[in-house]
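Single-structure report; data block below.
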Amino acid sequence: MKKIICIVFSAMMVLMPSVAKDKAPKSEKVNNIILLIGDGMGLGVAGAWMVDRNYEPTCFDRAQFVGLSKTYSLNSRVTDSAASGTAMATGHKTNNSMLGVLPDGTRLGTIAEAAKEDGKSIGIIVTSYLLDATPAAFYAHTSSRGNLRQVEEDLIAFQPDVILGGGRCNFTDQKWEDGTMLDKAVASGIKVLETPEEYYSMTSLDAPVLGLFAEGSYPMVIDRDADYLADCLNHTLELLDDNKKGFFIMAEGSHIDHAAHANNTEQLLFEMEEFDKAVNAAMDYADTHKGTLVIVTADHDTGGASLVSDNKDFHLGDSEIGVRYTTTGHTGTPVVIYSYGASAWKFSGVMENTELNRRMREVLLRK
Ligand SMILES: [Zn+2]
Numbered sequence: 206m207k208k209i210i211c212i213v214f215s216a217m218m219v220l221m222p223s224v225a226k227d228k229a230p231k232s233e234k235v236n237n238i239i240l241l242i243g244d245g246m247g248l249g250v251a252g253a254w255m256v257d258r259n260y261e262p263t264c265f266d267r268a269q270f271v272g273l274s275k276t277y278s279l280n281s282r283v284t285d286s287a288a289s290g291t292a293m294a295t296g297h298k299t300n301n302s303m304l305g306v307l308p309d310g311t312r313l314g315t316i317a318e319a320a321k322e323d324g325k326s327i328g329i330i331v332t333s334y335l336l337d338a339t340p341a342a343f344y345a346h347t348s349s350r351g352n353l354r355q356v357e358e359d360l361i362a363f364q365p366d367v368i369l370g371g372g373r374c375n376f377t378d379q380k381w382e383d384g385t386m387l388d389k390a391v392a393s394g395i396k397v398l399e400t401p402e403e404y405y406s407m408t409s410l411d412a413p414v415l416g417l418f419a420e421g422s423y424p425m426v427i428d429r430d431a432d433y434l435a436d437c438l439n440h441t442l443e444l445l446d447d448n449k450k451g452f453f454i455m456a457e458g459s460h461i462d463h464a465a466h467a468n469n470t471e472q473l474l475f476e477m478e479e480f481d482k483a484v485n486a487a488m489d490y491a492d493t494h495k496g497t498l499v500i501v502t503a504d505h506d507t508g509g510a511s512l513v514s515d516n517k518d519f520h521l522g523d524s525e526i527g528v529r530y531t532t533t534g535h536t537g538t539p540v541v542i543y544s545y546g547a548s549a550w551k552f553s554g555v556m557e558n559t560e561l562n563r564r565m566r567e568v569l570l571r572k
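Position one of the sequence shown corresponds to residue 206 (my numbering), numbered consecutively onward.
Here you go:
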């Protein structure tokens, strides 16, 4: 009997290493978090990208653990980006359109604010505009996402080390006696940049950087030549790497949502290609920088995309796949959480979107 047990145990040891090596839970100290949010990136959208790549490995195939996030808000089964952004940023569900506050007006602290208090550097990178709901959820506190003046004042007061995107017109459209919001930003010590190239030429940070790279939203991939999200993320990683206390970065593929609202698969796949590069850049950084955790998720699903056979004979291995949408709005379908790097195993399971915040705080912040 002993012999049989010994043989079985030896066989297990031979079979186990590959599983154990990749999946064994390790409680590694987390110094840095890179949170990548694909706005509106439901599983149908991620799946469309995987099929488009002909099942060659995508960033999603690199995930070490996956979870599911329930995205509903306090007042709707179908959330908007403000409420779901607030849930991920603060750990509290609130009503749609609210940012960083409960319906009764209670102000909610964000993980970005807490990380800054801990001495960490903060980076926010978006492909839309800086006052948009997802980035604003990490620094603003107002009962209406449409109250852009309040969002703007909160941004200038918060002063993230780096914030990059579009929306220059929001900072220049009104002039008071003491100038525009852009003047106020400069007066508060913020360095304003006009192009990504200006940003890439910076070798160190001597002041908070506000990159206003377009009048409105930064253009969709289909309307420009140059890469943007991964390049901005890579340069931000280089700059924030100097802070030994670590960093918290939120990078958003904002236009995934817009393409899905338009049910435009061509635009969607271009946006997914850009997002994939950014996620790979984050995972590459985690490979070479101990203590870095990468979380990839969505705030909600947009478009309700499904992948259906375009061929009558769907038994064919090379059958054409069509992306079909069920709505031009958001849906209540849970979204996937992909995790990679230090303590990634702590992010598996089925959870509320608020739980994602609790777990990020637990691993990142000083107790
Ligand atoms: Zn949307």
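We put the beta carbon where it would ideally sit given N, CA and C, even for glycine.
The structure displayed is predicted, hence computed values, not measured ones.
(message) Considering Cα atoms alone, identify which of 296, 438, 556 is closest to residue 370.
(response) Relative to residue 370, the option among 296, 438, 556 whose CA is nearest is 438.
(message) So, for residue 417: in the same chain, excluding its five sequence neighbours on each side, which residues have a beta-carbon less than 6 angstroms away from its beta-carbon?
(response) 373
(request) Report yes or no: do the stretch 476-489 and the stretch 361-370 share at least 3 C-beta pairs separated by less than 8 angstroms? (result) no
(request) Have a look at 252, 295, 335, 316 and flag the residue whose alpha-carbon is nearest the alpha-carbon of residue 326. (result) Cα-wise, what sits closest to residue 326 is 316.
(message) Less than 8 angstroms between the beta carbons of residue 339 and residue 454, yes or no?
(response) no
(message) What would DSSP say about residue 275, mapped onto helix, strand or coil?
(response) In this structure, residue 275 counts as strand in the three-state DSSP scheme.
(message) Can you tell me whether residue 573 is buried or exposed? The criterion is at least 16 other CB atoms within 10 Å of its CB, across all chains shown.
(response) Outside the shown range of the chain, which is 206 to 572, sits residue 573, and nothing can be said about it.
(request) Check whether the stretch 499-510 touches the stretch 444-451, counting contact only when three or more Cβ pairs, one atom from each stretch, lie closer than 8 angstroms. (result) Between the stretch 499-510 and the stretch 444-451, the count of C-beta pairs closer than 8 angstroms stays below three; the two stretches do not touch.
(message) Can you find the residues in the same chain that come closer than 6 angstroms, C-beta to C-beta, to residue 239, ignoring five residues on each side of it along the sequence?
(response) The answer, listed in chain order, is 454, 487, 499.
(request) Might you give, ordered along the chain, the residues of its own chain that have their beta carbon closer than 8 angstroms to the beta carbon of residue 384, omitting 5 neighbours on each side? (result) 392
(request) Report the three-state DSSP secondary structure of residue 249 (helix, strand or coil). (result) helix
(message) Measuring only the C-alpha atoms, how far is residue 232 from residue 377?
(response) Going from the Cα of residue 232 to the Cα of residue 377 covers about 47 angstroms.
(message) Can you tell me whether residue 555 is buried or exposed? The criterion is at least 16 other CB atoms within 10 Å of its CB, across all chains shown.
(response) exposed
(message) Measuring only from the beta carbon, is residue 416 closer than 7 angstroms to any heavy atom that is part of ligand 1?
(response) no
(request) Measuring alpha carbon to alpha carbon, tell me which of 493, 485, 395 ends up nearest residue 264. (result) 485
(request) Give me the Cα-Cα distance between residue 237 and residue 333, rounded to the nearest whole angstrom. (result) 24 angstroms
(message) According to DSSP, residue 542 sits in a beta bridge with which residue or residues?
(response) 272
(request) Determine the DSSP secondary structure at residue 316, reduced to helix, strand or coil. (result) Of the three classes helix, strand and coil, the one that applies to residue 316 here is helix, per DSSP.
(request) Answer yes or no: the CB of residue 383 versus the heavy atoms of ligand 1, is any distance below 7 angstroms? (result) no
(message) Taking contact to mean 3 or more Cβ pairs, one atom from each stretch, closer than 8 angstroms, check whether the stretch 342-353 and the stretch 393-410 are in contact.
(response) no
(message) Cutting at 7 angstroms between CB atoms, please list the residues of its own chain near residue 512, excluding the five before and the five after it.
(response) Short of 7 angstroms from the beta carbon of residue 512, and not among the five residues preceding or following it, lie these beta carbons of its own chain, in chain order: 249, 252, 253, 256, 526, 528.
(message) Please give the ranges of any alpha helix (DSSP H) in the stretch 298-376, keeping only runs that are unbroken, at least 4 residues long and fully inside the region.
(response) Look at the stretch 298-376 and you find these whole runs of alpha helix (DSSP H), each 4 residues long or longer: 316-322, 338-341, 353-363.
(request) Express the C-alpha separation of residue 430 and residue 461 in angstroms, rounding to a whole number. (result) 17 angstroms
(message) Classify residue 493: buried if its beta carbon has 16 or more other beta carbons within 10 angstroms, exposed otherwise.
(response) Burial check for residue 493: the Cβ neighbour count within 10 Å stays below 16, so the residue is exposed.
(request) State the DSSP-derived secondary structure class of residue 447, mapped to helix, strand or coil. (result) coil
(request) Entirely within the stretch 468-507 and at least 3 residues each: give me those beta strand (DSSP E) ranges in chain order. (result) With a minimum length of 3 residues, the continuous beta strand (DSSP E) runs that stay inside the stretch 468-507 are 497-502.
(request) Could you check if residue 413 is buried or exposed, using at least 16 other CB atoms within 10 Å of its CB as the buried criterion? (result) buried
(message) Rounding to the nearest angstrom, what Cα-Cα distance links residue 491 and residue 337 in this structure?
(response) 28 angstroms
(message) Alpha carbons only, please: which of 308, 390, 261, 329 is nearest the one belonging to residue 441?
(response) In this structure, 329 is the residue among 308, 390, 261, 329 with its C-alpha nearest to the C-alpha of residue 441.
(request) Go to residue 456, then tell me how far its beta strand (DSSP E) extends in each direction, as first and last residue. (result) From DSSP, the beta strand (DSSP E) with residue 456 extends over 452-458.
(request) Have a look at 411, 473, 345, 305 and flag the residue whose alpha-carbon is nearest the alpha-carbon of residue 244. (result) 473
(message) Can you tell me whether residue 284 is buried or exposed? The criterion is at least 16 other CB atoms within 10 Å of its CB, across all chains shown.
(response) buried
(message) Going by DSSP in three states, residue 429 sits in which element: helix, strand or coil?
(response) coil
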